[in-house]
Amino acid sequence: MKFYDILTNEVEIFQLPTNYTTVLSIHPLEPYFSITEKCNMNPKVYIYSYPQKTKYILKDPAKLEIQHSTFSCNTYYATVSGIPDFILSIWEFRSGELLCKTNLNGLRLTTFSFCSTDWHYLLGTDHRCIHVWQIETCNQMNSIQSNSMILPEYTVNIGLYYGLNNTGFSEDATNIQHGTRFDPKLTESAITGVSESKKEEFDSYMDTCIRLNCVSQAWTNSKLAFIGCEGGQLLLFDPINMNMKILLNPASHCVFPKDGETIESTPEKIAGSCDSDLTACSFAKSKIETINTLEGCLTYLLYTMYGLLAGGSDGILRLLILDNTETTGNKQGDHLSVRKNGTSSLKMNENLSNTVIKNCINLYEYKHLITNDKYYWAKSITGLSIASSYERTAVSSRLGHLNVFTLHDPRQFTFSPDVEISTNCDPYVGMGLITTETSVVCVTARNIGIINCWDCKTGRLLSSLFLNDVCYCMKVSPILPLAVAGMRSGNVVFIDCSVCTSPRIINMVRLYRKPLTHISFDPDGEFLTTVIDDGPNILMSALPTRSFEPVGYVSFTGRVHSLSMIRSRDSMKTFVLLAVGKDTNKTADAVYQYEIPNDIINDNAAHYVDNYRKLNEEKIKLIKLNFNRPKIGVCYWPPNDVYESTSPLLIAADFKHHALEIFIVNESHKQQRQSHIYTEDIYNILQETENIKFTRVPGTNLLLAHCMDGLIHMININETVSLQYSISIHESNSRGVIAAEFCKELNSLITCGGDGLLARIKLSEDIIMKFTYSPFTISNSLPEQLARLKEMTDYKKDQNQSHLNVSYSQESNILLSASRRSSPESSLPNQPLPVNECEDIDLKVFSHFKTDTDSDAITWIELCQHNVEASEDLLYTETKMNMLNELTEIKNTVNAMVSENESLPEIQRISRLEFELDTDEQNVILEETKATVNQLRKEINLGNLAKQFIWKAIKTQCWDEMSVKGRWLKAFNLPIKVSNYPLKNLSHDEKQLINTVVARIKIIRETTKEKDALSSHLFQQNVIKKTSQEQKEEVDEEEEQEQSINRVLAGST
């Protein structure tokens, strides 16, 4: 998780405490945030204070999943668990104490929140009802009371809605059931005999109405709640009095007024659940332009002093201006008494009854790269939040845009974002540098199919190009402002970046029916090669003057690990290296190498390819070299004076020992065509990692090694090999580093990763001085190639396919930043480069890209085969016709002989097999038939044997272990008796267990008898003792009376 400081542009990275799917919640007033595990065994809630990061953990809020979790306005926190218990729990999150909880009886809530001004009220909705929970406190005791209201139907009219309150919602039972696909479909006849009190339990099963689907909530300061629905309906709900008002409903039967009109509500116009006494459909001086097109636009709601902010799928931030003018002349307090159906009166909140929507203003609209309506999801609003000071609000979109606005009256000032942050979640798949006279441009490609051009010095986003397909790889020409992307459809796309603010597609060729995963240029930018797993490897011209035409292809087998190209010392030929491995691992077990002469690009290409455009393996000297141990990184390195070799050197990283190894390919390897290659030198300078990719920096002795764990090594290769610099900048759990380039003009290292991070790291002078540079020879044909590149027209496949350019005229404050794990030696720019968040990508979104790819379109190799077959058909048409005529004559002759044979007597006939002309084919068919019959017979016999084995196993377990006990069973009140029935024999352990249980039961019985006897004995003793004491007390009383009488008599005398 990343924290953006919008004042200083600083970024702080916070590592989440769990690897499970989580949900972020923010405290509305105090600096607290929570990380909630959605699905896990006994999921936890982690609550942190900011910026101290003090952690509080709520343990065991659920068993398997947590539906919702939210903060209150103070120190209380609520969680709603899912399967299997469905419990609503209230916590004091600072102490971690569970205050109270209640059972929801299987409710699957769609929205859930605390009241913003009174934490004792919680509001939740499901697909049928609105639920209100009230927390009651008494000293240290807490309890939850609940109430529910059935949601209105989808086409409910605008106005007051009284609904059906359900007060039977309790912890033990509820009349509101959560519908699942296992619920029965009941009819009225199914509950005919059920009593009236019991029929309410089946209301949810009997309810077939289409009701509103609530998706958002927003509380007011008067304890009212706005509820947004999926279909564009807006509700205002009073949780205390359980009343509701329908403010908006595009599906309503009410007719909205035109501008300047006021329609008074009458019983004839508003029926059903609308209140005819209130002008609910009245929009005086209304200017609501899109009141009937708000479907999916109320996904997020936020209540402010200026009105209700709303955002949704169309990417427009709207402000619904509310009017709370009194409709009656007499004000009788905060609540009104409204008579319902003439029989009873209900309390009505005056604010609820008076609130109407006065106007709707579009404050801000997200502009994105996709203008076609079918890609509306790309700009949809995905979040809406307000600061605790209520001065700023933040809005986010699906493509990763995050804008911060200052709240003010939009009718007096323009509404524009104060801060714009780009947090695209999509990983990078390729990167390259284009050097111009005035700047250095970084071209990047994302998996979603977006090509971006960045100014490397300022970090400003210059332009973007959307390719309408998922991108798998991208490379930039070393001499031309040309980017080449490999797509999921198998297309290779050529992009002209001469004008960095307006890139354009100039050519597209379909090479494969699988995703194109690897592309490589030769150092002079003359050739381009592409490859996929199990081939083929296709060689193409990378020059605009040759229209980027394919030259030929090479077949091979194996999973592609890496692809690289390099020139020979004399620049007369180009070497292609292809590292492959087995399908079961990610290592390289062997390499394919072949040579490309320079004249192959000219008219001499036919000398090196056959009619199907396959390269001649002998003329290109194709060889396969096997490693003695698996490698995790392979690349070319030019030959030098240390190693005398005409072929380039091979540099690889050992998978087991993680050492850098150098190999030499000599002439003996080329003659054998397939052999083993052995290590020449070993350097233990690499760290342990799962995968390494090497990138050679042209014109230098610098080798970049970027790893899957996020590390980047800068290796100096001269007479000795040494590690000059290492930096860890990308996340290790998201494919690590994707590409890295060294920019000499800026003395910087530019990298991109699978975590969506693009960064520029400025290197110190001490590191740069250790590198040696050689001058780069510019080709004489470069001006011609540049001119031809600019002259090429835009590529257009059809009118349904759109490749859209977006130029950014305003300078965005979107700069690269290094990760918090960056080395302290790196000097970073004052302002960060784009830091992109990682999140789960919805697979349904990418299904839209399939519309731009024609699965029936043939590939280039299939087109070559089709052309060859067509030319052969034209060349051998006459020969084919002659052969067909001869075959027809033979067929007619044989058929005549067969007919004559059938007319002969049976004794003179011969077998039909005697007419078979191809006896060899006949014997093969008979042998195959015989083998098939034998195989089928064998399978049947094995099946019967298996059935016999199963029968014997069942008999052994279910019958042979049985024994007759010599007992009989007798039925009650019937003359039926079963004797000699079998039972399974008990084992020694089972008998011992039964004896133990019997002994324990006997002991328990004897103990119980002794206790009863002792109790009765003690009771009798107590009774006798009590009786004797009472008799003794009576005797004493009589004696006292006699003595008192005697004293009186004695005293009187």
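Number 836 in this note's numbering belongs to position 833 of the sequence shown; there are no gaps in the numbering.
Just so you know, even glycine gets a beta-carbon here, dropped at the ideal spot from N, CA and C.
All of these numbers come straight from a predicted model, not from anything done at the bench.
Worksheet entry | Cβ-based neighbour list, F774, same chain, cut-off 6 Å, excluding 5 preceding and 5 following | Residue numbering aside, residue 774 sits at position 771 when the sequence shown is read from its first letter. The answer, listed in chain order, is T703, L705.
Discussion item. Quick check on the burial criterion: 16 or more other C-beta atoms within 10 angstroms. Buried or exposed for Q1034?
Written reply: Residue numbering aside, residue 1034 sits at position 1031 when the sequence shown is read from its first letter. Answer is exposed; the Cβ neighbour count stays below 16.
Fill in: Euclidean distance between Cα positions of K1014 and V1000
Numbered from its first residue, the sequence shown carries residue 1014 at position 1011. Numbered from its first residue, the sequence shown carries residue 1000 at position 997. Approximately 21 Å, taken between the alpha carbons.
Practice prompt. Answer with buried or exposed for S116, where buried requires no fewer than 16 other C-beta atoms within 10 angstroms of its C-beta.
Written response: As a position in the sequence shown, residue 116 is number 113, starting the count at 1. Under this definition S116 is a buried residue.
Worksheet item: How many whole angstroms separate the CB atoms of Y595 and L625, which I take to be in contact at a CB cut-off of 8 Å?
Response: As a first step, residue 595 must be located in the sequence shown, where it is residue number 592. As a first step, residue 625 must be located in the sequence shown, where it is residue number 622. Yes, Y595 and L625 are in contact; Cβ-Cβ is about 7 Å, under 8 Å.
Worksheet item: So which of T862, T25, C76, Y164 has the shortest CA-CA distance to I69?
Response: Reading the sequence shown from its first residue, position 66 is the one you call residue 69. When each option's Cα is compared against that of I69, the closest is T25.
Fill in: Segment contact flag, the segment 550-570 with the segment 520-537, C-beta cutoff 8 Å, min 3 pairs
yes
Worksheet entry | Local Cβ density within 10 Å of Y393, reported as buried at 16 or more and exposed below that | As a first step, residue 393 is located in the sequence shown; it is residue number 390 there, counting from the start. By the 10 Å Cβ count, Y393 comes out exposed.
Worksheet item: How many Å lie between I943 and E917 at the Cα?
Response: One-based indexing of the sequence shown puts residue 943 at position 940. One-based indexing of the sequence shown puts residue 917 at position 914. Computed Cα separation, rounded: 33 Å.
Worksheet item: Which class does F17 belong to by DSSP, given the choice of helix, strand or coil?
Response: As a working note, residue 17 is residue 14 in the sequence shown. Coil at F17, not helix or strand.
Discussion item. Measuring CB atoms only, is the segment 54-73 touching the segment 87-105, in the sense that at least three cross pairs come out at less than 8 Å?
Written reply: yes
Worksheet item: DSSP puts I38 in a beta bridge; with which residues?
Response: As a working note, residue 38 is residue 35 in the sequence shown. DSSP lists L27, Y49 as partners of I38.
Worksheet item: Smallest Cα separation from T409: which of I389, S571, S399?
Response: For the purposes of this step, residue 409 is identified with residue 406 of the sequence shown, where counting begins at 1. Among I389, S571, S399, the Cα nearest to that of T409 belongs to I389.
Worksheet entry | W971 (DSSP reduced to helix, strand or coil) | Looking up residue 971 in the sequence shown gives position 968. The answer is strand: DSSP assigns W971 an E or B state.
Practice prompt. Report, in whole angstroms, the separation of the C-beta atoms of L785 and I541, which I expect to be a contact under 8 Å.
Written response: By one-based count along the sequence shown, residue 785 stands at place 782. By one-based count along the sequence shown, residue 541 stands at place 538. So it is not a contact: roughly 25 Å between Cβ atoms.
Worksheet item: When you compare each of I667, S558, F530, L652 to N601 by their alpha carbons, which one comes out closest?
Response: Position 598 of the sequence shown, counting from 1, holds the residue named residue 601. It is F530.
Fill in: Own chain partners of Y367 with C-beta closer than 8 Å, once the 5 adjacent residues on each side are dropped
Against the sequence shown, residue 367 aligns to sequence position 364. Cβ within range, chain order: I319, L320, V398, N406, F408, F418, S419, P420.
Worksheet item: Rounded to a whole number of angstroms, what is the C-alpha to C-alpha distance between I928 and K634?
Response: The residue given as residue 928 occupies position 925 in the sequence shown. The residue given as residue 634 occupies position 631 in the sequence shown. Roughly 48 Å between the two C-alpha positions.
Item to complete: Taking L986 and S966 to be in contact with their CB atoms under 8 Å, please state how far apart those CB atoms are, rounded to whole angstroms.
Response: Residue 986 sits at position 983 when you count from the first residue of the sequence shown. Residue 966 sits at position 963 when you count from the first residue of the sequence shown. With 8 Å as the limit, L986 and S966 qualify as a contact, their Cβ atoms being about 7 Å apart.
Discussion item. Taking 7 Å as the limit between beta carbons, can you name the residues of its chain near T211, skipping five residues before and five after?
Written reply: Sequence index remark: in the sequence shown, residue 211 carries index 208 (1-based). Cβ neighbours of T211 beyond the five flanking positions: none.
Fill in: Whole-angstrom distance between R912 and L945, CA atom to CA atom
Translated into positions along the sequence shown, residue 945 becomes position 942. Translated into positions along the sequence shown, residue 912 becomes position 909. Whole-angstrom Cα-Cα distance: 42 Å.
Discussion item. Determine whether the beta carbon atoms of I604 and R549 lie at a separation below 8 Å.
Written reply: Numbered from its first residue, the sequence shown carries residue 604 at position 601. Numbered from its first residue, the sequence shown carries residue 549 at position 546. Yes.
Worksheet item: So what does DSSP say about E683, is it helix, strand or coil?
Response: Residue mapping note: residue 683 aligns to position 680 of the sequence shown, counting from 1. E683 falls in the strand class under three-state DSSP.
Worksheet item: Can the beta-carbon of L714 be found closer than 8 Å to that of T698?
Response: Numbered from its first residue, the sequence shown carries residue 714 at position 711. Numbered from its first residue, the sequence shown carries residue 698 at position 695. No, the pair does not count as a contact, with Cβ atoms beyond the cut-off.
Fill in: Exposure of T21, with buried meaning 16 or more beta-carbon neighbours within 10 Å
Here the question's residue 21 lines up with position 18 in the sequence shown. Classification for T21: exposed.
Fill in: Through-space distance from P642 to C474, alpha-carbon basis
Position 471 of the sequence shown holds residue 474. Position 639 of the sequence shown holds residue 642. About 34 Å.
Worksheet item: By DSSP, does K696 sit in helix, in strand, or in coil?
Response: As a working note, residue 696 is residue 693 in the sequence shown. K696 falls in the strand class under three-state DSSP.
Fill in: Check whether G231 and L237 have beta carbons under 8 Å apart
For the purposes of this step, residue 231 is taken as residue 228 along the sequence shown, with counting starting at 1. For the purposes of this step, residue 237 is taken as residue 234 along the sequence shown, with counting starting at 1. Going by C-beta atoms, G231 is nearer than 8 Å to L237.
Fill in: Other residues of its chain near T560: CB distance less than 6 Å, five sequence neighbours each side excluded
Locating residue 560 in the sequence shown gives position 557, where the first residue counts as 1. Correct list, in chain order: D537.
Worksheet item: Got a sec? Which residues, its chain only, sit under 6 Å from N983 by beta carbon, not counting five neighbours each side?
Response: For the purposes of this step, residue 983 is identified with residue 980 of the sequence shown, where counting begins at 1. These residues qualify, in order along the chain: V967.
Worksheet item: How many angstroms separate the CA atom of I732 from the CA atom of T682?
Response: Stepping through the sequence shown from its first residue, residue 732 is reached at position 729. Stepping through the sequence shown from its first residue, residue 682 is reached at position 679. Each residue's Cα considered, the two are about 32 Å apart.
Worksheet item: Under a three-way DSSP split, which group does H123 fall into?
Response: Residue numbering aside, residue 123 sits at position 120 when the sequence shown is read from its first letter. Three-state result, H123: coil.
Worksheet item: In or out: E233 buried (at least 16 other Cβ within 10 Å) or exposed?
Response: In the sequence shown, residue 233 corresponds to position 230, counting from 1. The residue in question, E233, is buried, as its Cβ has 16 or more Cβ neighbours within 10 Å.
Fill in: Of the residues G85, C42, H610, L126, the one placed nearest F74, counting alpha carbons only
Sequence index remark: in the sequence shown, residue 74 carries index 71 (1-based). Ranking G85, C42, H610, L126 by Cα distance to F74 puts L126 first.
Discussion item. Is the separation between the beta-carbon of C710 and that of G739 shorter than 8 Å?
Written reply: Locating residue 710 in the sequence shown gives position 707, counting from the first residue. Locating residue 739 in the sequence shown gives position 736, counting from the first residue. The answer is yes: Cβ separation under 8 Å.
Discussion item. For G263, which residues in the same chain have their Cβ closer than 6 Å to its Cβ, ignoring the five residues on either side in sequence?
Written reply: For this step, residue 263 is matched to residue 260 along the sequence shown. Residue placement at G263 is flagged as unreliable, the pLDDT there being 41, under the threshold of 50; the coordinate-derived value follows with that caveat. Taken in chain order, the list of residues that qualify is empty.
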